[in-house]
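In my numbering, the protein residues as written are 213 to 539.
Virtual Cβ for every residue (Gly too), placed ideally from N, Cα, C.
Since this is a predicted model, take the numbers as computed values, not measurements.
Notes follow once the structure below has been shown.
Next comes the structure, spelled out in structure tokens:
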């Protein structure tokens with residue numbers, strides 16, 4: 213009975229509203245002063261830079277919508293791409309895509325929606341306080357609609373994929389990319405907030421918990437690189453006997469932060485013993501990434517071996533990767 217009473221109070225509060233949705237605009241999110249220099253967040257001990265920062269700043273209030281960064285960029289075996297986790301979201305990097313598509317927001321709302329763990333709420337919203345989306349067949353209403361529209365709408369959240377639900381004692385609604393929840397008077401800034409699905413999925417994906425540790429980089433100190441580490445992976449794990457292959461190399465320091473301007477080179481040995489004419493060495497970009505494209509032709513099927521070498525100042529590192537040549 214007590215639980216039903218509390219739910220009723222929450223639903224009534226959601227209907228009555230009366231609390232301003234407007235969030236305080238962060239100076240960092242003001243498009244007139246945007247800068248893509250790396251940004252360090254001492255609250256979490258991590259920074260956002262490069263392509264990830266460009267995507268992050270597309271939200272009107274990135275710290276409130278995506279949350280603070282909880283890792284630096286790293287290669288995720290689960291995602292098979294370079295990712296960065298935030299409190300409420302995860303970003304994926306695809307360097308070979310067009311600029312506007314290089315960073316994808318993982319559809320965590322879609323991936324984590326479980327109707328068996330939630331109860332639909334039938335809320336009699338006032339007329340004119342809902343917006344329907346025929347793309348998915350769901351509506352967004354009242355305070356949730358205000359929050360959704362003021363913070364980027366479909367561009368940031370994706371389409372709604374659920375009705376308003378009661379889940380784990382919270383009133384929530386799922387969108388393709390994010391989930392929002394009603395917090396009422398618990399928050400001084402807004403009665404609606406974005407749920408911490410980034411934190412939740414980091415645990416569900418069984419990512420390395422050491423990645424959550426704060427880095428030593430801050431706004432006033434340069435990145436001190438004491439060790440150089442490499443990770444390399446092919447664009448295609450299996451390829452035909454001839455074609456064009458791409459190899460991605462990620463350069464990181466002792467804390468798994470990206471290292472820019474590391475000089476990286478490759479050697480590629482095909483199954484028939486022929487060494488591919490090596491592509492020209494490249495410097496890693498601000499995300500620590502270098503991409504190599506090269507044509508190949510092999511007279512035999514089997515495993516092609518890739519040897520990677522990198523130099524940064526007096527530091528050097530090597531790594532290996534491979535891809536299989538098949539019919």
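Return the Cβ separation of residue i and residue j in integer angstroms, given the expectation that the two are a contact with Cβ distance under 8 Å.
{"i": "residue 301", "j": "residue 409", "result": "7 Å"}
{"i": "residue 259", "j": "residue 253", "result": "7 Å"}
{"i": "residue 267", "j": "residue 303", "result": "6 Å"}
{"i": "residue 445", "j": "residue 478", "result": "With a Cβ gap of about 12 Å, residue 445 and residue 478 do not count as contacting."}
Once you ignore the five residues that flank residue i on each side, which residues in its own chain have a CB closer than 8 Å to its CB?
{"i": "residue 524", "result": "437, 440, 463, 471, 473, 474, 475"}
{"i": "residue 449", "result": "535, 536"}
{"i": "residue 392", "result": "356, 359, 360, 369, 384, 385, 404, 405, 406, 407"}
{"i": "residue 367", "result": "270"}
{"i": "residue 318", "result": "291, 295, 301, 302, 303, 304, 389, 413"}
{"i": "residue 237", "result": "The pLDDT assigned to residue 237 is 39, lower than 50, so where the model puts this residue is not dependable; a value taken from the coordinates is nonetheless given after this. For residue 237, where only same-chain residues beyond five positions count, the Cβ hits under 8 Å are 272, 273."}
{"i": "residue 293", "result": "287, 304, 305, 306"}
Beta-carbon separation of residue i and residue j under 8 Å?
{"i": "residue 277", "j": "residue 411", "result": "no"}
{"i": "residue 295", "j": "residue 311", "result": "no"}
{"i": "residue 308", "j": "residue 447", "result": "yes"}
{"i": "residue 513", "j": "residue 421", "result": "no"}
{"i": "residue 379", "j": "residue 329", "result": "yes"}
{"i": "residue 501", "j": "residue 461", "result": "yes"}
{"i": "residue 335", "j": "residue 376", "result": "yes"}
{"i": "residue 314", "j": "residue 320", "result": "no"}
{"i": "residue 333", "j": "residue 373", "result": "no"}
{"i": "residue 362", "j": "residue 351", "result": "no"}
Spatial neighbours of residue i within its chain, please: CB distance less than 7 Å, with the 5 preceding and 5 following residues excluded, ordered by chain position.
{"i": "residue 529", "result": "440, 441, 442, 522"}
{"i": "residue 483", "result": "510, 512, 513, 514, 515, 516, 537"}
{"i": "residue 371", "result": "345, 347, 348, 387, 388"}
{"i": "residue 628", "result": "For the chain, the structure presents residues 213 to 539; residue 628 sits outside this window and is missing."}
{"i": "residue 327", "result": "none"}
Report the residue from the options whose alpha carbon sits nearest the alpha carbon of residue i.
{"i": "residue 509", "options": "480, 502, 493", "result": "480"}
{"i": "residue 256", "options": "321, 497, 425", "result": "425"}
{"i": "residue 417", "options": "251, 345, 323", "result": "323"}
{"i": "residue 272", "options": "504, 372, 364", "result": "364"}
{"i": "residue 459", "options": "313, 491, 466", "result": "491"}
{"i": "residue 468", "options": "518, 274, 288, 275", "result": "288"}
{"i": "residue 298", "options": "518, 526, 498, 423", "result": "423"}
{"i": "residue 154", "options": "539, 526, 499, 485", "result": "Because the chain here runs from 213 to 539, residue 154 falls outside it and cannot be looked at."}
{"i": "residue 496", "options": "327, 465, 419", "result": "465"}
{"i": "residue 263", "options": "539, 498, 520", "result": "498"}
{"i": "residue 451", "options": "397, 419, 539", "result": "539"}
{"i": "residue 331", "options": "280, 381, 293", "result": "381"}
Tell me which same chain residues have a C-beta within less than 6 Å of the C-beta of residue i, skipping the five on either side of it?
{"i": "residue 527", "result": "440"}
{"i": "residue 316", "result": "304"}
{"i": "residue 250", "result": "259, 261"}
{"i": "residue 541", "result": "Residue 541 lies beyond the range of the chain shown here (213 to 539); nothing can be said about it."}
Contained beta strand (DSSP E) runs [length at least 3] in the stretch 351-401, N- to C-terminal order: 377-379, 382-386, 391-394
task: Report the residue ranges of all alpha helix (DSSP H) runs contained in full by the stretch 306-351; include only those spanning at least 4 residues, in chain order.
output: 320-324
task: May I have a chain-ordered list of the beta strand (DSSP E) segments no shorter than 3 residues that lie completely inside the stretch 260-301?
output: 286-288, 293-297
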